[in-house]
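Data first, discussion second: the structure below is written as structure tokens.
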Amino acid sequence: MVTRAIARYLRISPRKTRKVIDLVRGLPVVKAEAVLDVVDKRPTIYVKRLLRSAIDSASKRFSLSPADLYISLIKADQGPMLKRFRAASMGRATTIKHRTTHIVIELERIKRPEKKETSDKQQATKKRQPQVKKQKTQKIVVKSRKKK
Numbered sequence: 059m060v061t062r063a064i065a066r067y068l069r070i071s072p073r074k075t076r077k078v079i080d081l082v083r084g085l086p087v088v089k090a091e092a093v094l095d096v097v098d099k100r101p102t103i104y105v106k107r108l109l110r111s112a113i114d115s116a117s118k119r120f121s122l123s124p125a126d127l128y129i130s131l132i133k134a135d136q137g138p139m140l141k142r143f144r145a146a147s148m149g150r151a152t153t154i155k156h157r158t159t160h161i162v163i164e165l166e167r168i169k170r171p172e173k174k175e176t177s178d179k180q181q182a183t184k185k186r187q188p189q190v191k192k193q194k195t196q197k198i199v200v201k202s203r204k205k206k
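Heads up: the sequence shown begins at 59 in the numbering used here, then just goes up one per residue.
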């Protein structure tokens, strides 16, 4: 984990937020921002703001560019519910639950594979000796049924 950013008590349900964060989970930061720009849902505002905060934190603390980061963890947990009452038929009251969300995002550095340098002799031997696997041949025996 390079950077972590947390947004708490957002007034939107976690279920709606999870639909948006599932689109960007595991993506590089640059790609994730592009996806969030296109998606037309309300939670994208909060997720984009939080992602921007995590990117700024990584650039200030570790001087990393956004091209070197990807989203390693993003989750939306449920916060406390605001409970309200609404009048219902026959003199009753029903509860309305205004759900809140806590979003956590962690950014990690992209691991780029290092190229192994091999000597000229090793490369030459690999090219000269093709590896061929020998296949075993099997006999196929067909048994005929006897008629009674």
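Ideal Cβ placement from N, Cα and C applies to all residues, glycine included.
Remember, it's a predicted structure, so these values are computed and weren't measured experimentally.
| query | result |
| --- | --- |
| Bridge partner(s) assigned by DSSP for Glu166 | Tyr128 |
| Stretch-stretch touch, CB-based, cutoff 8 Å, three pairs: the region 142-154 with the region 90-103 | no |
| Whether Ile129 touches Ala90 by CB criterion (8 Å) | yes |
| Short Cβ contact (8 Å threshold) for Ala134 with Ile168 | no |
| For Leu131, the nearest candidate out of Glu172, Leu165, Val96 (CA to CA) | Leu165 |
| Cβ-based burial, Val96 [other Cβ within 10 Å; buried from 16] | exposed |
| Nearest-angstrom beta carbon gap, Leu127 and Val60 [assumed within contact, 8 Å] | 7 Å |
| Span separating the alpha-carbon of Lys106 from that of Ala145 | 37 Å |
| Test item: CB-CB of Val82 and Pro124 under 8 Å | no |
| CA nearest to the CA of Tyr67, picked from Arg170, Thr158, Arg150 | Thr158 |
| Simplified DSSP assignment, three categories, for Arg107 | helix |
| Buried versus exposed call for Leu94 [16 or more other C-beta atoms within 10 Å across all chains shown] | buried |
| Other residues of its chain near Gly137: CB distance less than 7 Å, five sequence neighbours each side excluded | Arg66, Tyr67, Thr158, Thr159, His160 |
| Span separating the alpha-carbon of Arg150 from that of Phe143 | 10 Å |
| Assigned exposure category for Leu108 - 16 Cβ within 10 Å defines buried | buried |
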